[in-house]
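Taking it in order: structure first as structure tokens, then the write-up.
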Amino acid sequence: MKDVNNIKVSTKIDFPEYVLRILSELDRRNYQSFLVGGCVRDMIMEKSPTDWDIATSALPKQVKAIFTDDTTVDIGIKHGTVGVISNGGVVEITTFRHDGIYLDNRHPQNVEYVASIEEDLKRRDFTVNAIAYHPDRGFIDPMNGVADIDSNIIRAVGNADKRISEDALRIMRALRFSSTLGFEIDPELAGELHKSRELLNNIAAERISAELIKMLVGENVLSVLLNYSDVLSVIIPEIEAAVGFDQCSKYHCFDIWEHSARSVALSRPDKLLRLTLLMHDLGKPETFFLGEDGQGHFYGHNKTGERIALERLKALRLNKATAEKVAEVIHYHQLPLQSGNMKKWLMRLGEDTLRLILEVKRWDMATHAEQFIAPVIAKIDAAESELNEIIEQQSCFQVKDLAINGNDLIAIGIPKGEKIGEILNYLLELVVDNTLENTKESLIKAAEECM
Ligand code: ATP
Ligand code: MG
């Protein structure tokens, strides 16, 4: 560790050559330039930054004039940002700026360029993101962001109320950073997130979902899901009914929302998996009924959940394939696991989806009442082994694994068209059922019987 401006920074940070080159090109022409934002935060936390942002006193057109030998892209030229593509990656270079008045909780009406990095840092969202660094000149930290990194706190730059109403996306960004960095949200900002949550309705769905996904795969996701369910209910309204909903079931020790949140937090930090777990039981409040045995039942909650997921994820403008996959896995999350039936499910759902379903079942089960967990986990283990074996043995479970194809059927006189697909699927079912051998001879014979 070395001490820079009284701040300990790992000397292990190797600045990529292309980043140092950009800084020195700007310095050489007497423009001030600093690394800012996530890369500085990551450096202080001794993590390797993934992308590099530079703030500079040079105007966008001056930046473009300097880097004529590189490709430059007008990433956000209106806001003063030019991307410089070097062999190592894209570095975003933004002119020191100050945001004008915000009229719609979203966009500043105009941006004004300012002369100093200190002014620029004031417009940034959180203190931990408002630190600038230059390898020769050290840190500029007027908001005491380094102290907040040390204390693991997300705090608004300046007045939380004002900063959130200026740009309500910061609500989601606060949750995202709390989850990914494992930081607490300072009480003033936390109060504001709750109070101003409805302002999220003014924010573009794509921007909300980008932050939501990053939040979901963070290490501190559980506390965010439990403490900010009211905020998340603004973007997925069905969450509200799930919070505190007593399942009245011996199988469950948590209410619907806590069960879901815990399953998300236990699972692998994968976008599809965690989105599915987040929403897998949102159909429960709507389908609840109390049986004569005094137990809660939720028949059909998988289908209701499937509908909710599809509707909400589409509204959040997640890509169609993701929304549909999450909905499909929710539909099948109660798939029965009997020994010997994996091949059938494999045929119907394909390997990726089936594996995802098994993983969802695992984390869903892991947050049930203790005494019911082990036997079901054993069944999931067995199903996964069965699946692995089928894949290893390259057994037949898809039409393309059959020993014949459409041309073989045409050759025996079956007319081209839909019928070919129908017959191949029928033959596949017989093979998967072990009713028919997967050899050309027996398949052709069975096909002839269909004619
Ligand atoms: P990541 O590691 O995800 O890249 P980051 O902190 O770099 O995290 P970015 O979204 O890349 O986040 O933004 C870069 C910097 O720009 C932030 O650190 C912050 O200083 C500033 N910033 C980004 N979005 C906002 C916003 N909505 N309001 C104020 N400042 C923002
Ligand atoms: Mg960044």
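Taken in order, the sequence shown gives residues 1367 to 1817; the numbers are from this note's numbering.
Every residue, glycine too, gets a C-beta built ideally from N, C-alpha and C.
Quick caveat, the model's predicted, so the values are computed rather than measured.
C-alpha gap between residue i and residue j, whole angstroms
i	j	result
Met1509	Glu1532	19 Å
His1734	Ile1757	30 Å
Lys1368	Gly1504	Residue confidence is low: Lys1368 scores 43 on pLDDT, short of 50, so the model does not pin down where it sits. Its coordinate-derived value is still stated next. Taking the straight line joining both Cα atoms gives about 11 Å.
Arg1463	Arg1489	8 Å
Pro1415	Met1708	43 Å
Phe1381	Gly1403	15 Å
Phe1655	Leu1701	21 Å
Val1385	Val1457	7 Å
Pro1603	Asp1502	50 Å
Ile1537	Val1448	26 Å
Leu1793	Thr1653	38 Å
Asp1527	Lys1766	60 Å
Gly1773	Ala1534	The displayed chain sequence assigns Asn, not Gly, to residue 1773. Asn1773 and Ala1534: Cα-Cα distance of roughly 59 Å.
Gln1398	Glu1577	31 Å
Val1450	Asp1440	9 Å
Asp1408	Lys1669	42 Å
Arg1714	Lys1444	50 Å
Glu1484	Tyr1499	12 Å
Ser1575	Met1645	14 Å
Ser1376	Cys1405	Annotation note: pLDDT 49 at Ser1376 (below 50); position unreliable, coordinate value reported separately. Using only the alpha carbons, I get a separation of about 13 Å.
Val1512	Ile1420	18 Å
Glu1564	Ile1579	19 Å
Ile1776	Phe1620	58 Å
Glu1606	Glu1558	19 Å
Met1817	Gly1787	14 Å
Spatially closest choice to residue i from the options, by CA coordinates
i	options	result
Ile1388	Phe1654, Thr1422, Glu1572	Thr1422
Val1692	Asp1647, Trp1711, Val1797, Glu1554	Asp1647
Lys1650	Leu1639, His1667, Gly1662, Leu1638	His1667
Leu1547	Ile1579, Ser1562, Gly1584	Gly1584
Ile1601	Val1494, Glu1624, Leu1684, Lys1766	Leu1684
Leu1425	Glu1478, Ile1467, Ser1633	Glu1478
Arg1394	Val1429, Met1411, Ile1410	Val1429
Pro1543	Asp1514, Leu1565, Gly1524	The sequence as given places Phe at residue 1543; Pro does not occur at that position. Ranking the options by Cα distance to Phe1543, first place goes to Asp1514.
Ile1746	Ile1780, Ile1605, Met1731	Met1731
Leu1469	Asn1568, Gly1657, Ala1813, Leu1588	Asn1568
Leu1592	Trp1623, Asp1435, Gly1779, Ser1751	Trp1623
Gln1613	Gly1657, Asn1495, Leu1566	Gly1657
Gly1454	Asn1800, Leu1802, Glu1383	Glu1383
Gly1442	Lys1427, Gly1671, Ile1432, Leu1588	Lys1427
Thr1434	Ser1452, Asp1417, Trp1418	Ser1452
Ser1599	Val1587, Leu1588, Glu1795, Leu1566	Leu1566
Pair within 7 Å by beta-carbon distance, residue i and residue j
i	j	result
Leu1679	Ala1689	yes
Ile1530	Glu1550	no
Ser1615	Gly1662	yes
Arg1521	Asp1552	yes
Met1581	Leu1541	yes
Asn1791	Val1797	no
Val1590	Ser1545	yes
Ala1681	Ile1696	no
Ser1633	Trp1729	yes
Leu1724	Leu1712	no
Thr1437	Gly1446	no
Arg1539	Asp1465	no
Tyr1617	Phe1763	no
Leu1809	Ala1748	no
Ile1497	Asp1507	yes
Ala1812	Leu1802	yes
Residue i: CB within 6 Å of a non-hydrogen atom of the ligand SAH
i	result
Leu1535	With respect to the ligand SAH, the structure shown offers nothing to examine, as its ligands consist of the ligand ATP and the ligand MG.
For residue i: DSSP bridge partner residues
i	result
Arg1683	Answer is none; Arg1683 lacks a bridge partner.
His1500	Gly1504
Ile1459	Ile1420, Val1448
Ser1399	Thr1422
Gly1662	Leu1656
Ala1526	Per DSSP, none; premise fails for Ala1526.
Ile1519	Glu1550
His1464	Glu1478
Notebook entry, point to check: Can you list, in chain order, the stretches of the beta strand (DSSP E) that have 3 or more residues and sit fully within the region 1466-1495?
Noted result: Unbroken beta strand (DSSP E) runs of no fewer than 3 residues, entirely contained in the region 1466-1495, are found at 1477-1479, following chain order.
Next item on the list: Write down every uninterrupted run of the alpha helix (DSSP H) in the region 1533-1608 whose length is 4 residues or greater and which is fully enclosed by it, in chain order.
Entry: 1535-1547, 1553-1561, 1571-1582, 1587-1593, 1595-1601, 1605-1608
Checklist line | 4-residue-minimum alpha helix (DSSP H) runs that sit fully inside the region 1700-1780, ordered along the chain | finding: Whole alpha helix (DSSP H) segments, 4+ residues: 1708-1715, 1717-1732, 1736-1758, 1772-1777.
Item checked: Residue ranges of each beta strand (DSSP E) within the region 1415-1447, 3 or longer -> Taken in chain order, the complete beta strand (DSSP E) segments of 3 or more residues contained in the region 1415-1447 are 1418-1422, 1437-1442.
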